[in-house]
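Going down the list, the protein sequences come from chains A and B. For reference, each letter of the first sequence is one residue, going 6 to 174 in our numbering. For reference, each letter of the second sequence is one residue, going 6 to 174 in our numbering. Cβ coordinates follow ideal geometry from the N, Cα and C atoms, glycine included. Contents: one structure, followed by commentary.
2 protein chains.
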Amino acid sequence: MKTIAVLLTNLFEDSEFIYPTDAFRRIGHRIVPVGVIQGEMVWGKTDHTPVKIERAVTDISVDDFDALLIPGGYSPDKLRIHEHIVDFVRAFVESGKPVFIICHAPQLLITAKVLKGRRITGYASIIQDIKNAGATFVDAEVVEDGNLVSSRDPRDLAAFTEAALRRLD
Amino acid sequence: MKTIAVLLTNLFEDSEFIYPTDAFRRIGHRIVPVGVIQGEMVWGKTDHTPVKIERAVTDISVDDFDALLIPGGYSPDKLRIHEHIVDFVRAFVESGKPVFIICHAPQLLITAKVLKGRRITGYASIIQDIKNAGATFVDAEVVEDGNLVSSRDPRDLAAFTEAALRRLD
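Here it is as structure tokens:
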């Protein structure tokens, strides 16, 4: 059993939360929604899926978790203005533990300045931002580079989740 | 009387459309909502303000307009995946005609690769993207550099609109 932090706020892409976390739970892993305020309800952008933030980012450390999942949508754009969130993301990437990013999630890694020299993919709208951050953008359904596992959008969810599950074995 | 293209799609920040365009109209300027599909209705993100797209970007040229306004919200993120939109933004910036950008609007100029060496401001979440694009980020209510007039967010709308009106004199 592994414990996976899931970084969320309002306007996350529902399927990018539901698909991987359902798969993780089915094989016994524990999901911990992490955000800005403990106990806050946040809502998905497409289907308004409600999620309760279990832990505030200020009350946790990378040591509490085995992996980090960051769903996309507009949640990463909202989260990247919070310094503690960005610090947590940077610490996680630098820890070497698996970090699963999809869609707009690379925006958080750009603000954390941890993408230089890495190979990743992400949503079409942020391709130039990824390149300008010093990363190599790869147009593929899953890109794995060290501890980073990345995908482009909801169409890649099956391959993304399969790659993530392999990292949690 | 000047003719101002306003680049929009769904999830634009309502106030960043309404405040400047109302001011432009009051003194006799003409507003032309420009987007991906002519006749399409698009809606604001906060108050669901409806706007009809008057001209598709593929049917117009920079020569048809005296200035360009790009409101923020999540509209710029949606627009920057469209090559013709990005080409239009690049042509406008390179024409030397005034370009008014606020909030997330710099995302379009990043994808158009026209920010290198420029001084601009923008929404807090995209500061690192602006810097990575080779621009100097300035934390001020209005930043003017050549033909670029930029502001951070709705709190700057009075100063942003005043600066834009001076350029339309």
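Contact set between T116/A and chain B, taken where Cβ atoms lie within less than 7 Å: By 1-based counting over the first sequence, the position of residue 116/A is 111. Neighbours of T116/A on chain B, chain order: Q133.
Under 7 Å from the C-beta of A129/A: neighbouring residues of chain B: Position 124 of the first sequence, counted from the first residue, corresponds to residue 129/A. Simply I86.
Min CB distance D82/A to chain B below 7 Å: Position 77 of the first sequence, counted from the start, is the residue given in the question as residue 82/A. By this cut-off, D82/A is an interface position.
Within chain B, the residues that Y79/A reaches when beta carbons sit closer than 7 Å: Numbered from 1 along the first sequence, position 74 holds the residue referred to as residue 79/A. Result: Y79.
Per-residue contacts from A138/A into chain B (C-beta, under 9 Å): Locating residue 138/A in the first sequence gives position 133, where the first residue counts as 1. Simply Q133, D134, N137.
Where K50/A sits in the DSSP three-state scheme: Residue 50/A sits at position 45 when you count from the first residue of the first sequence. If DSSP states are grouped into helix, strand and coil, K50/A belongs with coil.
Beta-carbon spacing of V110/B, I125/B below 7 Å: Taking the first residue of the second sequence as position 1, residue 110/B is located at position 105. Taking the first residue of the second sequence as position 1, residue 125/B is located at position 120. Inspection of the sequence shows that residue 110/B is occupied by Ala rather than by Val. Contact: no.
DSSP three-state assignment for D150/A, whether helix, strand or coil: In the first sequence, residue 150/A corresponds to position 145, counting from 1. Strand, per DSSP.
Extent of the continuous alpha helix (DSSP H) run through I75/B: If you number the second sequence from 1, residue 75/B lands on position 70. Counting along the chain, I75/B falls outside any alpha helix (DSSP H), though it belongs to the beta strand (DSSP E) covering 72 to 75.
Among I107/A, K57/A, N137/A, the one whose alpha carbon lies nearest that of V41/A: Counting from one through the first sequence, the residue named residue 41/A turns up at place 36. Cα-wise, what sits closest to V41/A is K57/A.
Bridge partners - F97/B, DSSP secondary structure assignment: Translated into positions along the second sequence, residue 97/B becomes position 92. According to DSSP, F97/B bridges with nothing at all.
Alpha-carbon to alpha-carbon, D71/A and V94/A: Numbered from 1 along the first sequence, position 89 holds the residue referred to as residue 94/A. Numbered from 1 along the first sequence, position 66 holds the residue referred to as residue 71/A. Approximately 13 Å between the Cα atoms of the pair.
Inter-stretch contact at 8 Å, needing at least 3 Cβ pairs: the segment 101 to 116 of chain B / the segment 67 to 81 of chain B: yes
Residues bridged to A61/B (per DSSP): Start at 1 with the first residue of the second sequence, and residue 61/B comes out as number 56. DSSP lists G40/B as partners of A61/B.
6 Å CB neighbourhood of L73/B in its chain, flanking five on each side removed: As a first step, residue 73/B must be located in the second sequence, where it is residue number 68. For L73/B, where only same-chain residues beyond five positions count, the Cβ hits under 6 Å are A10, F97, V104.
Extent of the continuous beta strand (DSSP E) run through I107/A: For this step, residue 107/A is matched to residue 102 along the first sequence. First-last of the beta strand (DSSP E) with I107/A: 104 to 107.
Stretch-stretch touch, CB-based, cutoff 8 Å, three pairs: the segment 155 to 167 of chain A with the segment 125 to 137 of chain A: yes
Alpha helix (DSSP H) segment containing A168/A, residue limits: Locating residue 168/A in the first sequence gives position 163, where the first residue counts as 1. First-last of the alpha helix (DSSP H) with A168/A: 162 to 172.
Sub-7 Å separation of Q133/B and T14/A beta-carbons: For the purposes of this step, residue 133/B is taken as residue 128 along the second sequence, with counting starting at 1. For the purposes of this step, residue 14/A is taken as residue 9 along the first sequence, with counting starting at 1. Taking 7 Å as the Cβ cut-off, Q133/B and T14/A do not qualify as a contacting pair.
Simplified DSSP state of V143/B, which is helix, strand or coil: Within the second sequence, the letter at position 138 stands for residue 143/B. V143/B falls in the coil class under three-state DSSP.
Bounding residues of the alpha helix (DSSP H) (the contiguous stretch that carries A10/B): Within the second sequence, the letter at position 5 stands for residue 10/B. Counting along the chain, A10/B falls outside any alpha helix (DSSP H), though it belongs to the beta strand (DSSP E) covering 8 to 12.
Range covered by the alpha helix (DSSP H) that runs through T26/A: The residue labelled residue 26/A in the question sits at position 21 within the first sequence. Unbroken alpha helix (DSSP H) run through T26/A: 19 to 31.
Helix, strand or coil at I4/A according to DSSP, with G and I counted as helix: Residue 4/A cannot be examined here, being either before or after the span of chain A that is shown, 6 to 174.
Contact under 7 Å by Cβ, R60/B with V39/B: Along the second sequence, read from residue 1 onward, the residue named residue 60/B stands at position 55. Along the second sequence, read from residue 1 onward, the residue named residue 39/B stands at position 34. Going by C-beta atoms, R60/B is nearer than 7 Å to V39/B.
Beta-carbon contacts of H87/A that lie in its chain and below 7 Å, excluding the five residues immediately before and after: Numbered from 1 along the first sequence, position 82 holds the residue referred to as residue 87/A. Once the five neighbours on either side are set aside, the close Cβ partners of H87/A are V41.
Assigned secondary structure, V67/B (DSSP; H/G/I helix, E/B strand, else coil): Here the question's residue 67/B lines up with position 62 in the second sequence. The answer is helix: DSSP assigns V67/B an H, G or I state.
Unbroken alpha helix (DSSP H) run spanning K83/B, endpoints: Sequence index remark: in the second sequence, residue 83/B carries index 78 (1-based). Start and end: 80 to 84.
N-terminal and C-terminal residue of the alpha helix (DSSP H) that K136/B is part of: Locating residue 136/B in the second sequence gives position 131, where the first residue counts as 1. 132 to 137 is the extent of the alpha helix (DSSP H) around K136/B.
For V91/A, the three-state DSSP class (helix, strand or coil): Indexing the first sequence from 1 puts residue 91/A at position 86. Here V91/A sits in helix by DSSP.
Whether G77/A touches E146/A by CB criterion (7 Å): If you number the first sequence from 1, residue 77/A lands on position 72. If you number the first sequence from 1, residue 146/A lands on position 141. No, Cβ-Cβ distance for G77/A and E146/A is not below 7 Å.
Per DSSP, cross-strand counterpart(s) of P55/A: To locate residue 55/A, count along the first sequence from 1; it is residue 50. DSSP, once it has assigned bridges, lists W48/A as partnering P55/A.
Distance CB(S130/A)-CB(R85/B) smaller than 7 Å: Position 125 of the first sequence, counted from the first residue, corresponds to residue 130/A. Position 80 of the second sequence, counted from the first residue, corresponds to residue 85/B. Closer than 7 Å, so yes.
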